[in-house]
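Protein chains in written order, with the working numbering: chain W, 299 to 963; chain D, 12 to 189; chain S, -13 to 147.
So, in structure tokens, the structure goes:
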């Protein structure tokens, strides 16, 4: 009975979404306050019913209701309860319901946090969000209903959750990722609203920024979780494969980063508005593209959900309508008037423009590299694969260039920076960075050009960031006072940039100085990887809640002293009959030692994969630092200024054409 | 003029959409054989039934034939075998078998149970010929013309649809040419 | 100084725990060769998997391909020859590094084109802004009228043109 209620809840949510798309927008375009006022309650209702549907689905999992097809396909009575809960988003239908839930949640958040915005603007934004929601609810109800039943032949037990997904990293990864993807819909909605009502000004940029930043921060965490998960779960020690689905998440991240920076320029100086609006549309379009790629089967990927042409076509239609409509609106309504603003050739505006050039080039590069095989196949020019070797060669220079530019740009000033002054300012940081980089090269025992460039870029960003922090925090009242005086926005930027440096450092070091070996071992053998000795002591059988495993024991020694004991496994999940390699890792801040069991070579001997991974954790720690920076930035004072009574009185009511005057605070 | 530039993103998006649409429903894992138009790679392997007899590429010359890669451990091979029997017995198609990475006993068990549609069976226990042919998963079926040149490769089960739509046209063309 | 015999004894005892170095699953003469092998198998794609290289795949065909890579390396083949041998059997699909030919020249050249192009656009934008600055600050008639309208309290000037 409950699943049917769930279905009903979804339909109700859809209806509310339809109303949300239409009523407030009509109110905004005709100036009717009463209609605009519907926006908030409609958004709340949409969230409530989507939440209800989600709760009902979760309930079905937790009570093992195998009459629901989705539960039967993704769960099992022997599954631990927390995996039963996370199985809700383990398959296509449920993950879309999660998407819809997040969309409703963000829509509700917009209503809550935008009380100071003019009602006309907010109504338009919410209507756009409502339209997106309509598309997704339709998609779920028509093609991907999680509440479909298997009556009358209810299976005795479920097919079990894919063992790869029975893991904490995979529990957290989709929600974080979707928070990011869906979050970009808010920036998109603001952009569309601005195009509709023609108000593309600094205020628009200021209001879009926190929404963009927080979506970006979540996306950063989501991607980092995915990379971390792949590293410890897939058993091969890799952390990024340039797989199409991975690339699909990187695309909105790269363009979202560009958007964040472009919004800063538009907010501060009122320039590049057209470009920023385009980026906002593109970032969300890329989120949708990612959703499409994962589920349509158009590109091969280990991460993809099972593909279905019907779903693929529907999603493409959804994507197509959204993108085409918004880009047509953009082409006709984007501002072409040049704002009479002057900025020097080395001004901060220009540096941020270059930042955008590099980031957008990187976005386009990843996009083209991912879709190129599809294009060639369409043109019948062969079946090519484009993978890691290509991306490493082409992406790395862009990343390094961005890092180098970052360091210089930190010292730039708005409007005008004197070239000579800038050059002089850079000398000492450059010298220091070179020295530190050289030391790192010597420390790790090898010099290659790419290692040098990567480390230098990371060090350069770090040095420049701290140098600027030092400059800014000098104060008559002492250094500590000077530091505390900096805004959260500034600290957010500092953390964001330090995070990037950490990621670059981690990526460069682990790629250039990591060691991977596949060795033949039997109990008693030992193998060297770097300075570490791995001794294979034992292997035996073990039973888990829903699997049996070959349980290996390895001792790790450094300089003769034992450092840790590792227990990699080869698990056999009884229900799904699938085999999983569980590596064990001695994790450390500055290095990981990684051991995984491979194939059985003979009665006694196994193929063992041993790896030394220096600085690998910095990849994900750096990402967390970046995200922390983002969250810190939106907690800045300027977004929390209370509107005083007098200022409220100054707000002029919107006239019939939807044009408002001042926006307070 | 500037306005025209603003239409650029739209044009790009529509182009991408066209490619994506074309890709829906296609199987990205179907690989076309690189050997099409090239002769079957040289090999020297035993016959399954007669270990004394050595087979080589001359086996595949003289008439148009199907080269069917199969193994006892391959579940889909069990499915397609009945149709192969039909092709061989009822339609008189010449089928040469390539027993891929199998053991003799297992292969015989398979044939005893399901019948033998093959004129000759090449025994390839290490999969060497299979590797040279670019076989990546049984069952696979090649169309070889009378000169021993590979004309077509089908990955997966051979059934009536595959026969009528894919293999037969190629066979007819190959027969027409020789 | 008293510690010396203990130290000696410890070293002596430790020497028994130093075990023979294990063989790689594939035997190589040098670490450099081993690294070369690892790099090669990371660049080759498993033909039947859902996007894995042959290093990370447990499928039979990947095993065969790894064997072939090793065999050819031992016979002194270059990286190019090994990749070509596999491509001639399984197709271009198994190379993760796309060849540089007529079809892919756009792909490989893209980063350079994009960055240089973007750079030129930015330079153009900056120069145009500077030219405007040099043209002085006298308002045009149209701007004068706009300014009057603003001063009269109507829509703000940054609305779209």
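Note that CB positions come from ideal geometry on N, CA and C, so glycine has one too.
Because the structure is a prediction, the values reported are computed rather than measured.
Three-state secondary structure (DSSP) at residue 909 of chain W?
Here DSSP, grouped into helix, strand and coil, assigns residue 909 of chain W to strand.
Looking only at DSSP bridge pairs, what is residue 157 of chain D linked to?
Residue 157 of chain D pairs with nothing; no bridge assigned.
Nearest-angstrom Cα separation, counted from residue 82 of chain D out to residue 59 of chain S:
30 Å
So, for residue 789 of chain W: in the same chain, excluding its five sequence neighbours on each side, which residues have a beta-carbon less than 7 Å away from its beta-carbon?
930
I want to verify the contact list: residues of chain D whose CB lies under 8 Å from the CB of residue 681 of chain W, in sequence order.
By Cβ distance, chain D contributes 42, 43.
With H, G and I counted as helix, E and B as strand and the rest as coil, what does DSSP make of residue 718 of chain W?
DSSP places residue 718 of chain W in helix when its eight states are reduced to three.
Would you say residue 138 of chain S reaches chain W, if we count a Cβ-Cβ gap shorter than 8 Å as a contact?
no
Neighbouring residues, chain D, relative to residue 75 of chain S (Cβ below 8 Å)
45, 46, 142, 143, 144, 145
Check whether the Cβ atoms of residue 602 of chain W and residue 543 of chain W sit closer than 8 Å, and answer yes or no.
yes
From which residue to which residue does the beta strand (DSSP E) around residue 860 of chain W run?
859 to 864
Nearest to residue 337 of chain W by CA position, among W/353, W/379, W/350, W/315, is which residue?
Nearest C-alpha to residue 337 of chain W: W/315.
I need the DSSP call for residue 43 of chain S, collapsed to helix, strand or coil.
coil
Residue 416 of chain W, buried or exposed, once every other Cβ within 10 Å from all chains shown has been counted against 16
buried
What is the C-beta distance between residue 459 of chain W and residue 377 of chain W, in whole angstroms, given that I count them as a contact (C-beta under 8 Å)?
Taking a contact as a CB-CB distance under 8 Å, the pair residue 459 of chain W and residue 377 of chain W counts as one, their CB atoms being some 6 Å apart.
So, at 7 Å on beta carbons, what are the nonlocal neighbours of residue 400 of chain W in its own chain, with the 5 sequence-adjacent residues on each side left out?
476, 477, 480
Amino acids of chain W, ordered along the chain, whose beta-carbon sits closer than 8 Å to that of residue 28 of chain S
What residue 28 of chain S touches in chain W: 686.
Are residue 60 of chain D and residue 152 of chain D closer than 8 Å when you measure CB to CB?
no
Supposed contact pair residue 670 of chain W and residue 30 of chain S - C-beta distance, whole angstroms, cut 8 Å:
About 19 Å separates the two Cβ atoms, so there is no contact after all.
Do we get a CB-CB distance below 8 Å when we pair residue 33 of chain S with the residues of chain D?
yes
According to the neighbour-count rule (16 or more other Cβ atoms, all chains shown, within 10 Å of its Cβ), is residue 384 of chain W buried or exposed?
buried
If you measure beta-carbon to beta-carbon, which residues of the stretch 147 to 161 of chain D are closer than 8 Å to chain S?
147, 148
DSSP three-state label for residue 299 of chain W, please.
Coil, per DSSP.
Residues bridged to residue 456 of chain W (per DSSP)
Partner(s): none; residue 456 of chain W has no beta bridge.
Answer yes or no: do residue 653 of chain W and residue 795 of chain W have a C-beta to C-beta separation smaller than 8 Å?
no
Can you find a CB in chain W that lies within less than 8 Å of the CB of residue 138 of chain D?
Answer no: the Cβ-Cβ gap between residue 138 of chain D and chain W never drops below 8 Å.
Distance CB(residue 698 of chain W)-CB(residue 751 of chain W) smaller than 8 Å:
Cβ atoms of residue 698 of chain W and residue 751 of chain W: closer than 8 Å.
Leaving out five residues on either side along the sequence, give the residues of the same chain with a beta carbon under 7 Å from the beta carbon of residue 758 of chain W.
Within the same chain, residue 758 of chain W has close Cβ partners 701, 702, 705, 731.
Does the count of Cβ pairs from the stretch 125 to 133 of chain D and the stretch 26 to 42 of chain D closer than 8 Å reach three?
no
Alpha carbon to alpha carbon, what distance is there between residue 607 of chain W and residue 691 of chain W?
34 Å
I'd like the ranges of any beta strand (DSSP E) spanning at least 3 consecutive residues and lying wholly in the stretch 53 to 132 of chain D.
56 to 58, 76 to 81, 106 to 111
In chain order, what residues of the same chain lie with their CB nearer than 8 Å to the CB of residue 955 of chain W, ignoring the 5 residues before and after it?
With a pLDDT of 41 at residue 955 of chain W, under the threshold of 50, the modelled position of this residue cannot be trusted, and the question is left open.
Buried or exposed: where does residue 723 of chain W fall if 16 or more other Cβ atoms within 10 Å of its Cβ makes it buried?
buried
Determine which residues share a DSSP beta bridge with residue 473 of chain W and list them.
Partner(s): none; residue 473 of chain W has no beta bridge.
Alpha carbon to alpha carbon, what distance is there between residue 23 of chain S and residue 69 of chain S?
Cα to Cα, residue 69 of chain S sits roughly 12 Å from residue 23 of chain S.
Per DSSP, which residues does residue 830 of chain W bridge with? Please list them.
W/827, W/856
Who are the near neighbours of residue 431 of chain W in its chain, counting only those whose CB is closer than 6 Å to its CB and skipping five residues on each side?
315, 401
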